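Residues in the sequence shown are numbered consecutively from 1, following UniProt numbering.
Shown next, in structure tokens, is the structure this report addresses.
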Amino acid sequence: MNDSEKTLAAVKPQGVGARLLRKEDDRHLQGKGNFIGNMQMPGLQEVAFLRSPMAHARLRGITVDAQAQENVILRDAMDCADIFAPSTLPGYQNSTTPPLASGKVRLVGEAVAMAFGPTRAEAEDFTEMVEVDYEELPVYANMHEARQAQDNFVHDSWKNNLFVQLNSDVKFEQYAAKAQRTVTHRVSLSRQCMLPMEGKAVLAYWDHQADQLVVYCGSQIPHMHRTGFAQFLNLDQSRIRVISPDVGGAFGYKCVLHPEELCVAWLAKTYKKPFRYMEDRREHLIVGANTREHEYTLTGHIDNTGRLLALDAEITVDAGAYSVWPFTVGLEVGQALGNLPGPYRIQGYRCTTTGVATNKPGFMPYRGVARTGVCLAIEQLMDAIAREVGREPWEVRLDNLVRAEDMPYVNVANKHYDGGDYPAGLRRALEMINVQDVRARQQSRKPGEPLLGIGVATYTEQSAHGTSVFAAWGTAVIPGFDQAMARISADGSLELSVGVHSHGQGMETSFAQIANEILGIDVSRINLTHGDTGRTPFSTGTYASRSAVMSGGAVSKACKALLPRLLHIGSHMLGVPMDEVELVDGQVRHGQRHVTVADIADAWYINPQKLPADVDPSGLEITVGYKPKVDTGSFTYASCAAVIALDPQTGIVRILDYVVVEDCGTILNPLIVEGQTIGGTAQGIGTALYEEMPYDDAAQPLASTLADYLMPGAPEVPNIRIEHTQTPSPNTEFGAKGMGEGGAIAPPAVLMSAINDALKGQNVLVTRTPMTPRRILQAMAQADLANANRDSGQGSVTANIQEVA
Numbered sequence: 001m002n003d004s005e006k007t008l009a010a011v012k013p014q015g016v017g018a019r020l021l022r023k024e025d026d027r028h029l030q031g032k033g034n035f036i037g038n039m040q041m042p043g044l045q046e047v048a049f050l051r052s053p054m055a056h057a058r059l060r061g062i063t064v065d066a067q068a069q070e071n072v073i074l075r076d077a078m079d080c081a082d083i084f085a086p087s088t089l090p091g092y093q094n095s096t097t098p099p100l101a102s103g104k105v106r107l108v109g110e111a112v113a114m115a116f117g118p119t120r121a122e123a124e125d126f127t128e129m130v131e132v133d134y135e136e137l138p139v140y141a142n143m144h145e146a147r148q149a150q151d152n153f154v155h156d157s158w159k160n161n162l163f164v165q166l167n168s169d170v171k172f173e174q175y176a177a178k179a180q181r182t183v184t185h186r187v188s189l190s191r192q193c194m195l196p197m198e199g200k201a202v203l204a205y206w207d208h209q210a211d212q213l214v215v216y217c218g219s220q221i222p223h224m225h226r227t228g229f230a231q232f233l234n235l236d237q238s239r240i241r242v243i244s245p246d247v248g249g250a251f252g253y254k255c256v257l258h259p260e261e262l263c264v265a266w267l268a269k270t271y272k273k274p275f276r277y278m279e280d281r282r283e284h285l286i287v288g289a290n291t292r293e294h295e296y297t298l299t300g301h302i303d304n305t306g307r308l309l310a311l312d313a314e315i316t317v318d319a320g321a322y323s324v325w326p327f328t329v330g331l332e333v334g335q336a337l338g339n340l341p342g343p344y345r346i347q348g349y350r351c352t353t354t355g356v357a358t359n360k361p362g363f364m365p366y367r368g369v370a371r372t373g374v375c376l377a378i379e380q381l382m383d384a385i386a387r388e389v390g391r392e393p394w395e396v397r398l399d400n401l402v403r404a405e406d407m408p409y410v411n412v413a414n415k416h417y418d419g420g421d422y423p424a425g426l427r428r429a430l431e432m433i434n435v436q437d438v439r440a441r442q443q444s445r446k447p448g449e450p451l452l453g454i455g456v457a458t459y460t461e462q463s464a465h466g467t468s469v470f471a472a473w474g475t476a477v478i479p480g481f482d483q484a485m486a487r488i489s490a491d492g493s494l495e496l497s498v499g500v501h502s503h504g505q506g507m508e509t510s511f512a513q514i515a516n517e518i519l520g521i522d523v524s525r526i527n528l529t530h531g532d533t534g535r536t537p538f539s540t541g542t543y544a545s546r547s548a549v550m551s552g553g554a555v556s557k558a559c560k561a562l563l564p565r566l567l568h569i570g571s572h573m574l575g576v577p578m579d580e581v582e583l584v585d586g587q588v589r590h591g592q593r594h595v596t597v598a599d600i601a602d603a604w605y606i607n608p609q610k611l612p613a614d615v616d617p618s619g620l621e622i623t624v625g626y627k628p629k630v631d632t633g634s635f636t637y638a639s640c641a642a643v644i645a646l647d648p649q650t651g652i653v654r655i656l657d658y659v660v661v662e663d664c665g666t667i668l669n670p671l672i673v674e675g676q677t678i679g680g681t682a683q684g685i686g687t688a689l690y691e692e693m694p695y696d697d698a699a700q701p702l703a704s705t706l707a708d709y710l711m712p713g714a715p716e717v718p719n720i721r722i723e724h725t726q727t728p729s730p731n732t733e734f735g736a737k738g739m740g741e742g743g744a745i746a747p748p749a750v751l752m753s754a755i756n757d758a759l760k761g762q763n764v765l766v767t768r769t770p771m772t773p774r775r776i777l778q779a780m781a782q783a784d785l786a787n788a789n790r791d792s793g794q795g796s797v798t799a800n801i802q803e804v805a
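What follows is the structure, given as structure tokens:
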């Protein structure tokens, strides 16, 4: 590196928009992360759970062997409340989740007893000394059986098996009457797990010096976890400290209060000793199969060109046995209802969304929260419309997308789109895959070669939505202001403290970049504290792509509030008026003279004789709360396109090309944004092609090991090509928008469209995820039979993969 290159490197920007490597990567790459599984503590007892082998049964009796009675806990021994997740949604049927089963069990894997011992193996030995007498009850293995039930409901006090049913009708009849055609299409998603590398993890002990319960847990929401522990353990929040160290992935799985976490916290509170529980992979696969299972029936009322005038929809969510705290089943149901219209200009909308209780794990918010399903549904309807009117799928989409000149745009579901050019994003995605060239290759395909298919999808990602939105969804905890603390230390370094917590988003880097943009302090000298309720200001936590906007906005506001204090002291030290100085690269400058932030900090902390007489006594520390100007969220959007090759002999799908054209407003760090997009896309590919938890008629999970539950690995994830556009939000600091969930939203829609495009000449429609080779081959076989029957005059049937087991 020559002198000029060294100079350029020295002044390389570190603020908003810089492509910096993540600060946190250094410790993880060297194996120096701090995870709950690494922690050691004198007298630590490991916890294991005895889990129900039945999906629905009454507990007639539980017998504990005499050798295990001091090490086994049953529900009636616990003086804590059941987890209660209320909702204000109309007609919502409330339920409670017992920390250990009480009265009956409602799913395979529900914890019936817990045991503890010096090692996990010994704790598991104690669980084997417990005998349970079960009285089997009718089992609801799918949502349709559950809806038809007349008695023996999942929750005995209910009038049926419905958690909630929501309805929306916005000018539907008015615009449906103008339609010239109707198109009906059905799609569904299978149930799946979230599978973070680290499952549930909790370690709790009693801090005798502070007279306080300390709970370490892998959490996205440490402050809300403390709220839940306090409520259900009947302790003041001041008597509880929740610390979330490094978290090995979360994806929504760690933004709720799990029964096992409450159990371990109760043990520490009761015995005043340390206890730990680490979920193993089989437990996660059985009890954590709690997301994505939606079914959609959509009818589009269209004109003869494919313009969608009105949408009629029926959405059913298999919500499992329990409603999780604090978000409840209502979040998933409400998100589906509100986000189904997506990026399209639909004028009439009627939708019914139902959350059904079954004997499966309780539904949890997973990366994308309902939007993966609604994107799949609306995009497949667009394909169906294109088939109906004889046009290319993207032509129909371009006619229906919200246009740039319409922005800002309030859609039929009252979503406030703050800016962007949706059609331009789709056109660019089509250019990137060279759509005309692929069409030509399809036409020139030779016998024996793979079938080629093109798929496209556009989605919106509602991020950082706040008080009014969550209040409408009726959740138990409603987000308000996020706070951040900023403090200049005596050596001129900067300490930041926020209430959100990272589980892979790179907050230690991006928040430092925000501060650097304002104060010019080198990011290596900026440290972030998060994940500790004893050291951070309040936030409801990390979920809904909100952290960069909400807590990042608070960091920005806090640093901006410190700026005049630095300028005031600095100008006094330089002996010039405050309006003649500026802060540049961590220095208060006046012409060729300057004092550094470190000099100013030294004056405040060590040499106060250098301070002006009218210095602000609040010093170089401040805590600021922040909300965006508009409470309904900032909307990221993206268009994605893929080219696939499908082997008609094996049913195997290979992704040849996958492109993302994304607009998440002002990008704080492109490297982090692209990493989030790639990771989310990999998860979406899992939803589309691989991941499924099937159940038999007794609601027994059939994929309890990774030999049966398939995930995409490196060979299955293509080289994902990403392009950015930046339409800054007018409502947030720096114009940033959230994007952490976006990558996971589109892949099922894109890949289903591509597979159907490849199969379009064979009278086959794929309508269910995952689109496995076995399902594709069976659907093709059904199509062959249907075609043979048609040719022999016995009628015509379109094979539907949804009907294939």
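No residue lacks a Cβ here, since even glycine has one placed at the ideal position from N, Cα and C.
Quick caveat, the model's predicted, so the values are computed rather than measured.
(message) Suppose only complete runs of 3+ residues qualify. What are the beta strand (DSSP E) ranges in the segment 250 to 315, listed by chain order?
(response) For the segment 250 to 315, whole beta strand (DSSP E) runs of length 3 or above, ordered along the chain, are 275 to 278, 294 to 302.
Checklist line | CA nearest to the CA of C640, picked from A111, E379, I776, A758 | finding: Among A111, E379, I776, A758, the Cα nearest to that of C640 belongs to E379.
Less than 7 Å between C-beta atoms, sequence neighbours within five positions excluded: which residues of the same chain meet that for L710?
Closer than 7 Å at Cβ, skipping near neighbours: Y690, E691.
I need the boundaries of the beta strand (DSSP E) containing M739, first residue and last residue. It is not in any beta strand (DSSP E) - M739 carries neither H nor E in the DSSP assignment.
### Message
Between which two residues does the alpha helix (DSSP H) holding V659 run?
### Response
Under the DSSP assignment, V659 falls outside any alpha helix (DSSP H), being part of the beta strand (DSSP E) whose first and last residues are 653 to 663.
Exercise. Assign residue 810 to one of three DSSP states: helix, strand, or coil.
Key: Nothing about residue 810 can be reported from this structure: the residues present for the chain run from 1 to 805 only.
Residue 806, buried or exposed, once every other Cβ within 10 Å from all chains shown has been counted against 16: Here the chain has residues from 1 to 805 only, and residue 806 is not among them.
Task: the segment 609 to 622 contacting the segment 745 to 758, beta-carbon criterion three pairs below 8 Å - done: No, the segment 609 to 622 does not touch the segment 745 to 758.
Review point. Residue 806 and A642 look like a contact to me (Cβ under 8 Å); what is the Cβ gap, rounded to whole Å?
Key: In the structure displayed, the chain extends from 1 to 805; residue 806 sits before or after that span and is not available.
Tell me, which residues are paired with Q443 by DSSP?
When beta bridges are read from the DSSP output, Q443 appears opposite no residue.
Cβ pair Y175, R60 closer than 8 Å = No. Outside cutoff.
Spatial distance of V523 from Q513 (CA atoms): Their backbone Cα atoms lie some 6 Å apart in a straight line.
Item to check | Entirely enclosed alpha helix (DSSP H) segments - the segment 753 to 794, minimum 4 residues | outcome: Runs of the alpha helix (DSSP H) inside the segment 753 to 794: 773 to 791.
Open item on the list: Restricting to Cα atoms, I'd like to know which of V498, P479, I478 is closest to M485.
Closed with: Closest by alpha carbon: V498.
Roughly how many whole angstroms lie between the Cα atoms of S463 and E128? Rounded to the nearest whole angstrom, the CA to CA distance from S463 to E128 is 46 Å.
Where C559 falls: helix, strand or coil (DSSP):
C559: helix per DSSP, three-state reduction.
Locate the alpha helix (DSSP H) running through N339, then write down its first and last residues. Segment 328 to 339, the alpha helix (DSSP H) holding N339.
*asked:* Suppose you measure from the CA of V324 to the CA of M780; what does that come to, to the nearest Å?
replied: C-alpha separation (whole angstroms): 40 Å.
Give me whichever residues DSSP pairs with Q45 in a beta bridge.
F275, per the DSSP bridge assignment.
Quiz item: Cα separation between A66 and F126?
Solution: The straight-line gap separating the alpha-carbon atoms of A66 and F126 is approximately 10 Å.
message = Let me check understanding here. Comparing Cα to Cα, which of E198, N234, Y253 lies closest to K269?
response = Comparing alpha carbon positions, the residue from E198, N234, Y253 closest to K269 is N234.
- Item | Whole-angstrom distance between T119 and L203, CA atom to CA atom | Take the alpha-carbon of L203 and the one of T119: they are about 14 Å apart.
Checklist line | Validate contact between the segment 648 to 660 and the segment 770 to 780 using beta carbons, cut 8 Å, 3 pairs | finding: The segment 648 to 660 vs the segment 770 to 780: in contact.
field: the segment 501 to 516 touching the segment 22 to 37, judged by at least three CB pairs closer than 8 Å
entry: With a cut-off of 8 Å, the segment 22 to 37 and the segment 501 to 516 count as touching, because enough Cβ pairs lie within range.
(message) Between V630, V402, P86, which has its C-alpha nearest A424's C-alpha?
(response) In terms of CA proximity to A424, V402 leads the group V630, V402, P86.
| said: Taking only three categories from DSSP, how would you classify A121? | reply: Shown here, A121 sits in a helix according to DSSP, grouped into three states.
For H530, count the other beta carbons within 10 Å of its own beta carbon; 16 or more makes it buried, fewer makes it exposed. Which is it?
With 16 or more Cβ atoms within 10 Å of its Cβ, H530 is classed as buried.
Under 8 Å between the Cβ atoms of Y253 and P343?
-> No, Cβ-Cβ distance for Y253 and P343 is not below 8 Å.
Quiz item: What do you reckon, are the CB atoms on Q726 and T666 nearer than 8 Å?
Solution: It is a contact, given that the beta carbons lie within the stated cut-off.
| message | Quick check on the DSSP output: the beta strand (DSSP E) that includes S524 runs from which residue to which? | response | Counting along the chain, S524 falls outside any beta strand (DSSP E), and DSSP gives it neither H nor E.
| message | Which of the three DSSP states is assigned to N234 in this structure? | response | Coil, per DSSP.
*Beta-bridge pairing of W206 - partner residues as DSSP gives them*: Paired residue(s): L213.
Hey, would you say P99 sits closer than 8 Å to P259, going by beta carbons? It is a contact, given that the beta carbons lie within the stated cut-off.
| query | Quick one, are the C-beta atoms of L308 and I346 less than 8 Å apart? | reply | Cβ atoms of L308 and I346: closer than 8 Å.
Select from G248, D318, V170 the residue whose C-alpha is nearest the C-alpha of A699. Nearest of G248, D318, V170 to A699, Cα basis: D318.
Item to check | Proximity below 8 Å, CB of I569 to CB of I600 | outcome: A contact, by the Cβ cut-off of 8 Å.
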